[in-house]
Structure formats: structure tokens, C-alpha cells
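Colleague: Please find one structure pasted underneath; my questions will follow.
Numbering (the working numbering), first residue to last: 5 to 384.
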């Protein structure tokens with residue numbers, strides 16, 4: 005007799021656990037709507053047809069040819085006879101054309117388990133792949149018995165040092181000063197031998213190779229270095245020498261610039277007035293700006309930041325604390341804490357506030373107020 009199930013079994017109508025966990029299938033798309041969607045052409049190999057012509061009937065017509073013109077009865081029959089004759093070979097049966105090899109293991113049941121069971125069922129695959137942590141004492145035993153050290157680990161022989169080898173400096177101390185009966189001041193000088201002076205060999209150059217760009221010295225000539233070889237040409241007054249043949253003898257007027265260089269010779273395209281500039285200036289200080297700035301307005305009214313401001317921005321370019329409009333009392337309190345009160349008076353503050361308010365339609369922030377104070381200070 006089986007033991008009863010623990011807990012309380014509840015059942016509310018048809019709402020069971022299996023019904024709650026089993027999701028209902030989505031309703032299919034209606035046929036008259038589905039043919040207008042692109043999702044129906046995602047099936048591989050399906051022909052793409054315009055939705056308006058999908059319901060059109062196609063006549064029962066066979067396309068293509070019934071047989072290949074090159075396939076004759078005697079050829080097909082001979083090929084089939086050869087295949088029947090080769091079916092008796094074991095290799096043909098074991099490796100049929102167009103199919104996988106037949107190894108005779110098709111009778112293996114689908115629920116067969118391969119491999120060999122472990123001798124100890126308590127050892128699972130996880131403990132074999134990821135073994136537990138080994139104690140340091142066991143690890144030291146393996147170092148002594150098998151030499152199983154970690155990669156790059158320093159071998160320690162556990163010598164009984166009288167000093168701490170990790171902090172002690174070897175080779176420096178009294179021993180370096182008393183080496184060779186006190187004739188050496190350091191170990192390096194004691195180990196360095198007194199080598200005899202070396203004689204530098206005379207630089208010997210090979211004369212078997214000719215020097216590039218110079219005549220070969222045969223050693224049989226005693227002519228002076230400035231001697232010119234050859235016979236001097238005897239020319240007439242109008243004869244050219246080699247220099248004139250290379251450089252020519254064009255007159256200076258041919259090397260001068262043309263008179264019409266940089267000047268338009270086409271009538272109607274000459275800028276006769278030279279006292280005034282032509283075109284529209286980039287900075288339109290003559291055009292009144294809008295009361296509210298917009299990114300759609302690309303006009304430069306002369307109050308845009310300079311190139312130096314864009315290359316070297318201020319310390320708080322992304323914060324709106326300096327550009328946020330504030331009341332007059334709050335600005336006065338901030339200015340009193342930021343700047344020495346002895347450097348400015350209430351009259352200076354009122355004048356700077358009125359100047360900043362007039363320039364920004366009554367909206368005053370810290371940056372405009374500071375610039376107004378600087379302007380008043382430089383003006384005075």
C-alpha cells in the first residue's frame with residue numbers, strides 16, 4: 005500500500021497545475037490577412053508571389069520535358085545491369101551511394117547507456133573534473149615525494165638561516181672592506197684583474213675596392229691635385245658652350261610674370277571697386293537676435309564662444325549652476341561668499357546686476373553677473 009501524498013490537495017474547477025503551466029497556442033492569422041504579410045515568405049524554398057495574384061488560378065500545365073533527350077533505353081538498361089551486378093560486393097552493401105555507411109549496429113535500443121559504471125557510485129563527474137581543495141601539508145608531501153611544484157614556484161630547501169633571507173642583503177658589510185688584506189674597498193674591485201693597457205691597431209683600409217665618385221689611384225702619377233685633363237675648346241663669339249646648351253639663353257622678359265596674371269580679362273566679371281568688401285559677413289551684428297536661442301538658428305550674432313573657449317573649456321562646462329537664472333538676493337549671498345566683500349560694494353553689485361539684466365531680458369545668472377562686474381572694474 006502506497007503512503008498518502010503529503011500536503012493539501014486543492015482543485016478549483018479545471019484550473020490545475022498542468023493547465024496553468026501549459027500555454028495556449030496563439031490563434032493563427034486569418035487567410036485573407038496572412039497573404040499580405042511578409043512573414044509567409046520566410047519559409048525556405050517557397051516561391052514569392054505578389055499578394056494580389058496569390059488567389060489567381062493557374063492552368064493545369066506541365067512544364068519541362070518528360071525525359072532527357074540523351075537518355076536512351078540501351079544506355080539506361082546497361083547502367084542498371086551494372087548496378088545489379090555490383091550489389092553482390094560487401095563494400096557496395098556497406099557503403100551505399102548517397103547514404104551513410106552500414107555497420108550493422110542498427111539493432112541497438114534507443115535507451116541504451118554506453119560506458120562503464122563507476123566502482124564507487126558516490127563519486128560523481130563533478131568531483132572528478134573539479135577535485136576538492138588540497139591541504140598545504142599534503143601538497144608539501146607531494147613536493148618531497150614526487151617534486152610536484154606549481155609552475156614558476158621557487159624551490160625552498162628550508163635552511164636554518166641566522167638571518168631573514170627575505171630582508172637581508174648579502175655581499176655588503178665588513179667582508180668587502182677586508183678582502184685582500186684591506187687592499188680592496190669593494191668586492192668588485194677585488195675580482196677585477198689589472199689588465200695591461202691595450203694597444204689600438206692602426207686603421208688599415210682596403211685598397212682593393214675603388215672609391216665611388218673618384219678616379220682610381222694607381223700610385224704612378226705625381227700630377228698636382230688641381231690639374232685639368234683634356235683639351236680646351238676654341239670657340240667663336242657666337243658659339244655656345246656646355247653651360248649655355250644645358251641652361252639656355254632665354255631673355256629675362258620670358259621669365260617674368262604675365263601682365264594679366266591674377267586679373268580677369270572677361271568683360272562683366274571685373275571687380276572694379278576696391279574700397280568695399282563684397283559678400284555677406286559671417287558675424288551679423290547688424291541683425292537683431294531672437295529673444296530665445298534655438299538650435300535651428302545657425303546665425304552668428306557676435307556673442308558665440310570663441311575658438312579658444314571651445315578648445316579650452318571651463319572647469320564646469322556641463323553644469324547649469326553658472327547659467328541658471330537666480331534672484332537678486334541669492335546672487336548677492338553667493339557673491340559675498342565667493343569674493344572678498346572689501347573688493348566690491350553694494351553700488352557695484354547693483355550696477356552690475358542692472359547691466360546683466362538689461363542684456364538678458366531680466367534673467368541674470370552667475371556668469372553674466374561676473375562678466376558685468378569685470379566690465380565695470382576695467383571701465384573704472
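Built from N, CA and C at the ideal position, the CB exists for glycine as well.
From a predicted model like this one, the values you see are computed outputs, not experimental measurements.
1. Got a sec, what are the start and stop residues for the alpha helix (DSSP H) residue 78 sits in?
2. Exposed or buried, what is residue 291 when buried is set at 16 or more other beta-carbons lying within 10 Å of its beta-carbon?
3. Residues in its own chain within less than 7 Å of residue 380 by CB, not counting five upstream and five downstream?
4. Which word fits residue 370, buried or exposed, when buried means at least 16 other C-beta atoms lie within 10 angstroms of its C-beta?
5. Measuring straight from C-alpha to C-alpha, what distance separates residue 219 and residue 238?
6. Assuming residue 365 contacts residue 295 (C-beta within less than 8 Å), just tell me the rounded distance between them.
7. Can you give the Cα-Cα distance for residue 135 and residue 117, rounded to whole angstroms?
8. What are the partner residues of residue 388, as DSSP defines its beta bridges?
9. Return helix, strand or coil for residue 38, following the three-state DSSP convention.
10. In chain order, what residues of the same chain lie with their CB nearer than 8 Å to the CB of residue 330, ignoring the 5 residues before and after it?
11. Mapping the DSSP letters down to three states, classify residue 141 as helix, strand or coil.
12. Residue range of the alpha helix (DSSP H) that residue 1 falls in?
13. Mapping the DSSP letters down to three states, classify residue 218 as helix, strand or coil.
14. Output needed for residue 293: all residues of its chain with C-beta closer than 6 Å, excluding positions within five of it in sequence on either side, in chain order.
15. Quick one: what does DSSP say residue 312 is sitting in, helix, strand or coil?
16. Taking the straight line between their C-alpha atoms, what separation do you get for residue 336 and residue 279?
17. Tell whether a beta-carbon distance below 9 Å holds between residue 44 and residue 38.
18. Would the beta-carbon of residue 88 fall within 9 Å of that of residue 98?
19. Can you find the residues in the same chain that come closer than 8 Å, C-beta to C-beta, to residue 231, ignoring five residues on each side of it along the sequence?
20. According to DSSP, simplified to helix, strand and coil, what is residue 317?
21. Does DSSP put residue 337 in a helix, in a strand, or in coil?
22. Of the choices 153, 101, 373 and 104, whose alpha-carbon is the least far from that of residue 333?
Modeller: Here's the rundown:
1. Residue mapping note: residue 78 aligns to position 74 of the chain shown, counting from 1. Annotation: the continuous alpha helix (DSSP H) that includes residue 78 extends over 77-90.
2. Taking the first residue of the chain shown as 1, we reach residue 291 at position 287. Exposed, by the Cβ-count rule.
3. If you number the chain shown from 1, residue 380 lands on position 376. Correct list, in chain order: 352, 355 and 356.
4. Counted from its first residue, the chain shown places residue 370 at position 366. Buried, since its Cβ has 16 or more Cβ neighbours within 10 Å.
5. For this step, residue 219 is matched to residue 215 along the chain shown. For this step, residue 238 is matched to residue 234 along the chain shown. When rounded, the distance between both Cα atoms is 27 Å.
6. For the purposes of this step, residue 365 is identified with residue 361 of the chain shown, where counting begins at 1. For the purposes of this step, residue 295 is identified with residue 291 of the chain shown, where counting begins at 1. With a Cβ gap of about 6 Å, residue 365 and residue 295 count as contacting.
7. The residue given as residue 135 occupies position 131 in the chain shown. The residue given as residue 117 occupies position 113 in the chain shown. In a straight line, the C-alpha of residue 135 is about 25 Å away from that of residue 117.
8. Absent from the model: residue 388. The displayed extent of the chain is 5 to 384, so no value can be given.
9. In the chain shown, counting from the first residue as 1, residue 38 sits at position 34. Three-state DSSP puts residue 38 in a helix.
10. Counted from its first residue, the chain shown places residue 330 at position 326. Once the five neighbours on either side are set aside, the close Cβ partners of residue 330 are 338, 368, 369 and 370.
11. In the chain shown, residue 141 corresponds to position 137, counting from 1. Residue 141 falls in the helix class under three-state DSSP.
12. For residue 1 there is no data in the structure shown, the boundaries of the chain being 5 and 384.
13. In the chain shown, counting from the first residue as 1, residue 218 sits at position 214. In the structure shown, residue 218 sits in coil (DSSP, three-state: anything other than H, G, I, E or B).
14. What you label residue 293 is simply residue 289 of the chain shown in a count that begins at 1. Excluding positions up to five away in sequence, the list reads 305.
15. As a first step, residue 312 is located in the chain shown; it is residue number 308 there, counting from the start. The answer is helix: DSSP assigns residue 312 an H, G or I state.
16. On the chain shown, position 332 is the one that residue 336 refers to. On the chain shown, position 275 is the one that residue 279 refers to. Straight-line Cα distance between these residues: approximately 51 Å.
17. On the chain shown, position 40 is the one that residue 44 refers to. On the chain shown, position 34 is the one that residue 38 refers to. Yes, they are a contact pair.
18. Position 84 of the chain shown, counted from the start, is the residue given in the question as residue 88. Position 94 of the chain shown, counted from the start, is the residue given in the question as residue 98. Contact annotation: residue 88 and residue 98 have beta-carbon atoms that are not nearer than 9 Å.
19. Working through the chain shown from its first residue, we reach residue 231 at position 227. Cβ neighbours of residue 231 beyond the five flanking positions: none.
20. Position 313 of the chain shown, counted from the start, is the residue given in the question as residue 317. Correct three-state label for residue 317: coil.
21. As a position in the chain shown, residue 337 is number 333, starting the count at 1. Residue state, collapsed to three classes: helix.
22. Translated into positions along the chain shown, residue 333 becomes position 329. For the residues 153, 101, 373 and 104, the minimum Cα distance to residue 333 belongs to 373.
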